[in-house]
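Visitor:
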Amino acid sequence: SRTNSLNVLSVTALILVVFKPMNLYDLGFQLSFTAVLSLILFFPLLRNLL
Numbered sequence: 283s284r285t286n287s288l289n290v291l292s293v294t295a296l297i298l299v300v301f302k303p304m305n306l307y308d309l310g311f312q313l314s315f316t317a318v319l320s321l322i323l324f325f326p327l328l329r330n331l332l
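Everything in the sequence shown is counted per our numbering, starting at 283 for the first residue and increasing by one.
The following block contains the structure:
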């Protein structure tokens, strides 16, 4: 499940950058993908703590 989520996130970012390369320099784009990546990576840890 985690690997699938990472694959979907990566493909989505790649598609968006292919169609609009300037997204790489957009702070909103970077923060959005960083936030989603953080949720994917750290959710299992947070779920165990709760």
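No residue lacks a Cβ here, since even glycine has one placed at the ideal position from N, Cα and C.
(1) Over the uninterrupted alpha helix (DSSP H) stretch that includes Asn-289, give me the two end residues.
(2) Shortest alpha-carbon distance to Leu-288 belongs to which of Ile-297, Ile-322 and Asn-305?
(3) Less than 7 Å between C-beta atoms, sequence neighbours within five positions excluded: which residues of the same chain meet that for Val-299?
(4) Helix or strand or just coil, what does DSSP make of Leu-332?
Guide: By the coordinates alone:
(1) In the DSSP assignment, Asn-289 falls within the unbroken alpha helix (DSSP H) covering 284-301.
(2) Taking each of Ile-297, Ile-322 and Asn-305 in turn and checking the Cα distance to Leu-288, the smallest one comes out for Ile-322.
(3) Only Asn-305 and Leu-306 meet the Cβ criterion.
(4) The DSSP-derived three-state label of Leu-332 is coil.
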